[in-house]
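Report on one structure; see the data block that follows.
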Amino acid sequence: MASPFYSTPFQPFVYQSPQDAVTPFQILGGEAQIVQIMLRPQERITARHGSMCYMSGFVHMDNVYVPENEAGVLQWLFGKSIASIALHNTGSTDGFVGIAAPSLSRILPIDLAQFGGEILCQPDAFLCSINDVKVNNTVDHRARNVVAGAEGFLRQKISGRGLAFIVGGGSVVQKNLEVGELLTVDISSIVAVPSSVNVQIKYNSSMRRVVFGGDNLVTAVITGPGIVFIQSLPFHRLSQRIAR
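Residue numbers (my numbering): 36 to 279.
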């Protein structure tokens, strides 16, 4: 029997890090998850501003302001935070921190070394990281992509050789694309793709309907090879339902 089209490796209530992981962690919960990370003495992690849920007694939290060459003016103009937090275990024994997803989201552990050291994500996907990880905002300069709004062309590039945790709304599935394999996805449902994957924007209706609203009017045609992470409940869709 052929393998299923989608695989969902993030279903267990507790996702335990491999035994040989440098920094042990657990992903706890169902629809609104928490990643609990163990910090050895003098070890530190970087996390999204406002994401700390709990921490042990000897862990200190400091604000870290992103350098201008990493954040940029565009991040500030579109309401993105230019600060993150550093959680540092100053004690002589092991400590821990709990980092919470910002909404009804799944937390995905991404080993950047397995993705060639770089992955491109939706805006605000980054949650926290261990070891050598950098977060930059990139802009798609193709004019037609600007029509989809700021969230459509302002994206996060996460690079390095460490472990990054990103979030996807609702349920998250992944598709392993072979060389030349095509997949069409609603543009707002894409959580992350590696640099080996090619993404082309496609408008499925007139430009006027794209500008003034409608569902599934802008899709992305994705060409492999690589792994695509897809979310069932993008945050803007959830916020629209709440607003109604």
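Using N, Cα and C, we set each Cβ at its ideal position, and we do this for glycine too.
Where the beta strand (DSSP E) containing histidine 84 begins and where it ends: Numbered from 1 along the sequence shown, position 49 holds the residue referred to as residue 84. Note, histidine 84: premise wrong, no beta strand (DSSP E); not H, not E.
Bounding residues of the beta strand (DSSP E) (the contiguous stretch that carries isoleucine 277): Looking up residue 277 in the sequence shown gives position 242. Isoleucine 277 -> not in any beta strand (DSSP E); alpha helix (DSSP H) instead, spanning 270-278.
Cβ-Cβ separation, glycine 215 to glycine 259 (assumed contact under 8 Å), whole Å: Indexing the sequence shown from 1 puts residue 259 at position 224. Indexing the sequence shown from 1 puts residue 215 at position 180. Contact holds; Cβ gap of about 7 Å.
Exposed unless 16 or more other CB atoms sit within 10 angstroms - verdict on proline 76: Stepping through the sequence shown from its first residue, residue 76 is reached at position 41. Its Cβ having fewer than 16 others within 10 Å, proline 76 is exposed.
Arginine 276 burial status per 10 Å Cβ neighbour count (16 or more: buried): To locate residue 276, count along the sequence shown from 1; it is residue 241. Exposed, by the Cβ-count rule.
Counterpart residues of serine 140 in DSSP-defined beta bridges: The residue given as residue 140 occupies position 105 in the sequence shown. Per DSSP, Gly204.
Candidates Ala82, Val132 and Val207, of which the one nearest lysine 169 by Cα: Locating residue 169 in the sequence shown gives position 134, where the first residue counts as 1. That would be Ala82, whose Cα lies nearest to the Cα of lysine 169.
Exposure of leucine 217, with buried meaning 16 or more beta-carbon neighbours within 10 Å: Here residue 217 corresponds to residue number 182 of the sequence shown, with the count starting at 1. The residue in question, leucine 217, is exposed, as its Cβ has fewer than 16 Cβ neighbours within 10 Å.
Any chain C beta carbon closer than 9 Å to serine 267: Among the chains of the structure shown, chain C does not appear; only one protein chain is present.
Threonine 219 - partner residues in DSSP beta bridges: Working through the sequence shown from its first residue, we reach residue 219 at position 184. Paired residue(s): Val256.
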